[in-house]
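Engineer:
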Amino acid sequence: MAKKGVLLVNLGTPDSAATPDVRKYLNEFLMDGRVIDINPVSRALLVRGVITPFRAPKSAKLYKEIWSAETGSPLLYYSVRQQELLQKRLGDEYMVELAMRYQTPSIEAALDRLKAALVEDIRVIALFPQYASASTGSVYEKVMRLVGQWPTIPNISFINSFHDNPLMIEAFAQNAQKHQPEQFDHVLFSFHGLPQRQLVKCDHTHNHCLKSADCCQTLTDVNKFCYSAQSYDTARLIAQKMGLKKEQYTVCFQSRLGSDPWVQPYTSVVIEDLAKQGKKKLLVFCPAFVADCLETVYEVSVEYDGEFKQHGGEHVQLVESLNDNPLFIDALEGMVKNR
Numbered sequence: 164m165a166k167k168g169v170l171l172v173n174l175g176t177p178d179s180a181a182t183p184d185v186r187k188y189l190n191e192f193l194m195d196g197r198v199i200d201i202n203p204v205s206r207a208l209l210v211r212g213v214i215t216p217f218r219a220p221k222s223a224k225l226y227k228e229i230w231s232a233e234t235g236s237p238l239l240y241y242s243v244r245q246q247e248l249l250q251k252r253l254g255d256e257y258m259v260e261l262a263m264r265y266q267t268p269s270i271e272a273a274l275d276r277l278k279a280a281l282v283e284d285i286r287v288i289a290l291f292p293q294y295a296s297a298s299t300g301s302v303y304e305k306v307m308r309l310v311g312q313w314p315t316i317p318n319i320s321f322i323n324s325f326h327d328n329p330l331m332i333e334a335f336a337q338n339a340q341k342h343q344p345e346q347f348d349h350v351l352f353s354f355h356g357l358p359q360r361q362l363v364k365c366d367h368t369h370n371h372c373l374k375s376a377d378c379c380q381t382l383t384d385v386n387k388f389c390y391s392a393q394s395y396d397t398a399r400l401i402a403q404k405m406g407l408k409k410e411q412y413t414v415c416f417q418s419r420l421g422s423d424p425w426v427q428p429y430t431s432v433v434i435e436d437l438a439k440q441g442k443k444k445l446l447v448f449c450p451a452f453v454a455d456c457l458e459t460v461y462e463v464s465v466e467y468d469g470e471f472k473q474h475g476g477e478h479v480q481l482v483e484s485l486n487d488n489p490l491f492i493d494a495l496e497g498m499v500k501n502r
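The opening position of the sequence shown corresponds to residue 164 in the numbering used here, with each subsequent residue numbered one higher.
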C-alpha cells in the first residue's frame, strides 16, 4: 500500500557555531525576498555588504553559548525529536520527513526522499504556529516551486497556521505549571517581531491594518491571516487556559532588526517599563516557536533577564518551548490525519 507523506519544516540553523557557517546561514536566510522584502539589488547590498559581515561574528558567539557538544543546535535537536516521535505515532502507513527552510536538512532533499518512496500525497506543516509571509509563506512558496518542477505532482496540502490549536495551547500552559506561575508578578507572551510593512501587505482590504491601536487584538475575518492578530489570539487562549486576567499579562514582540518600525510593543521596552513599575519576577512565553532556539534560550533567558535586572527586576523565567512535549506530538498527529 502506498504511504502518505508528511513534511515538517522549521526555519533553520547554522551547521555549526563557527562564524563561516553562521555567515552562510544568515546570507541564505536574509536574502529571501519574503524575509527582507525590498528591491533585490538593495537587499543584496544590505545583506552581504552590511548585515552579515558585522552580524555573523556576533551571532556566532551567541550560538556558542547555546550549542551542545552532544546535540548541537537545540532547534535542530528538538525538530528531529518531533519528526521521530511523530513517525512513531503515525506508524508505517506514513513517511515523515524533516527539513529546514534554510541550510540542512534541505527541503529539496526531503521532498526527493518522499518522491522516491512513491508517496501518494504530501501533507506539509511549517512549524510556525502563526502565519507570516516571511516564515510559513516562504516555506510553502519553496515547496511549490520545487514540486512544480516534477513531471507528476501528487496531492499536496498545507496547514496555513495552527495558532489556536487546543493541544498546542494546552502544552504551553502545561509547560508553565512547573514554574509555579502564581509566584510571578506578571506574564509576557513574547512573539518574534516583523516589520510593520509586512503586516500591512497582508491586509487585503487595505483599510484595517494599523488604522487603530487595537486593530490586532481581536481576530476577525478581516485580519485572520495577520501574524500579529494570530499572536494576540494565541496569547489570549494560553492566558485563558491558565486562568489569567487581562491585567496579568502583556503581548509583546522581540528580535527586531534595522531602523524601520516593527510590530509593537517591543519586548525590551515592556520589560523595562515593568521593572520600573516595581515588578520583580516575570514569566515569559515565546509561543511563536515550537522548539527552543537562540531567540528563546539566549535572547530571553540571558539578554532580557540581564536588562530586567539592570532596571531593578530580579528574574526573567522562560517557559520552555513545545520541544518534545507529547501534547504537541498529539497536535501534529491531528494536523496530519484531519485532512
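Idealized CB from N, CA, C, for every residue including glycine.
1. Mapping DSSP to helix, strand and coil, what is ALA180?
2. Where does GLN453 sit, in a helix, a strand or coil, going by DSSP?
3. Using only the alpha-carbon positions, how far apart do ARG244 and ALA297 sit?
4. Might you give, ordered along the chain, the residues of its own chain that have their beta carbon closer than 8 Å to the beta carbon of ASP366, omitting 5 neighbours on each side?
5. For LYS341 and LEU309, I'd like the C-alpha separation in whole angstroms.
6. Quick check on TYR294: does DSSP put it in helix, strand or coil?
7. In this structure, does DSSP put ILE567 in helix, strand or coil?
8. Bridge partners for ALA289 per DSSP, in chain order?
9. DSSP on VAL282, reduced to helix/strand/coil?
10. Is the beta carbon of SER418 sitting closer than 8 Å to the one on GLU483?
11. Give me the Cα-Cα distance between ASP275 and GLU435, rounded to the nearest whole angstrom.
12. Give a yes or no on contact between the stretch 342-352 and the stretch 260-270, applying the rule of three or more CB pairs nearer than 8 Å.
13. Which value, in whole angstroms, describes the spacing of the CA atoms of ASP468 and THR430?
14. Which one or two residues does DSSP pair with GLY235 in a beta bridge?
15. Bridge partners of TYR265, per DSSP?
16. Taking only three categories from DSSP, how would you classify SER353?
17. Report yes or no: do three or more beta-carbon pairs, one from the stretch 324-331 and one from the stretch 464-479, lie closer than 8 Å?
18. Where does ALA397 sit, in a helix, a strand or coil, going by DSSP?
19. Measuring alpha carbon to alpha carbon, tell me which residue in LEU170, THR182 and ALA339 is nearest ASN488.
20. Run through DSSP, which three-state label would GLN361 get?
21. Tell me whether LYS167 is buried or exposed, calling it buried when 16 or more other Cβ atoms sit within 10 Å of its Cβ.
22. Where are the beta strand (DSSP E) runs, 3 residues long or more, that stay fully inside the stretch 408-482, in chain order?
23. Check whether the stretch 196-203 and the stretch 396-416 are in contact - that is, three or more C-beta pairs closer than 8 Å.
Structural biologist: Well, looking at it:
1. Counting from 1 along the sequence shown, the entry for residue 180 is found at position 17. Reduced to three states, the DSSP call for ALA180 is coil.
2. The residue given as residue 453 occupies position 290 in the sequence shown. The question names Gln, but residue 453 is Val in the sequence shown. DSSP places VAL453 in coil when its eight states are reduced to three.
3. Here residue 244 is taken as the residue at index 81 of the sequence shown, counted from 1. Here residue 297 is taken as the residue at index 134 of the sequence shown, counted from 1. In a straight line, the C-alpha of ARG244 is about 25 Å away from that of ALA297.
4. Your numbering for residue 366 matches position 203 in the sequence shown. Excluding positions up to five away in sequence, the list reads CYS372, VAL385, ASN386 and CYS389.
5. Numbered from 1 along the sequence shown, position 178 holds the residue referred to as residue 341. Numbered from 1 along the sequence shown, position 146 holds the residue referred to as residue 309. Near 43 Å, if we compare the C-alpha coordinates of LEU309 and LYS341.
6. Counting from one through the sequence shown, the residue named residue 294 turns up at place 131. Residue state, collapsed to three classes: coil.
7. As displayed, the chain neither begins before 164 nor continues past 502, which places residue 567 out of reach and without an answer.
8. Position 126 of the sequence shown, counting from 1, holds the residue named residue 289. According to DSSP, which records beta bridges pairwise, ALA289 is partnered with VAL172.
9. Translated into positions along the sequence shown, residue 282 becomes position 119. VAL282 falls in the coil class under three-state DSSP.
10. Against the sequence shown, residue 418 aligns to sequence position 255. Against the sequence shown, residue 483 aligns to sequence position 320. Cβ atoms of SER418 and GLU483: not closer than 8 Å.
11. On the sequence shown, residue 275 is found 112 positions in, with the first residue counted as 1. On the sequence shown, residue 435 is found 272 positions in, with the first residue counted as 1. Taking the straight line joining both Cα atoms gives about 48 Å.
12. no
13. Within the sequence shown, numbered from 1, the residue matching residue 468 stands at position 305. Within the sequence shown, numbered from 1, the residue matching residue 430 stands at position 267. Looking at the two C-alpha atoms, the distance is approximately 11 Å.
14. Position 72 of the sequence shown, counted from the first residue, corresponds to residue 235. Paired residue(s): SER231.
15. Translated into the one-based positions of the sequence shown, residue 265 becomes position 102. Beta-bridge pairing links TYR265 to GLY175.
16. Position 190 of the sequence shown holds residue 353. Strand at SER353.
17. no
18. For the purposes of this step, residue 397 is taken as the residue at position 234 of the sequence shown. According to the sequence displayed, residue 397 carries Thr and not Ala. Three-state result, THR397: helix.
19. Position 325 of the sequence shown, counted from the first residue, corresponds to residue 488. Ranking the options by Cα distance to ASN488, first place goes to ALA339.
20. Residue mapping note: residue 361 aligns to position 198 of the sequence shown, counting from 1. Looking at GLN361 - three-state DSSP - the assignment turns out to be helix.
21. Position 4 of the sequence shown, counted from the first residue, corresponds to residue 167. The residue is buried, with at least 16 neighbouring Cβ atoms inside 10 Å.
22. 412-417, 444-448 and 478-481
23. no
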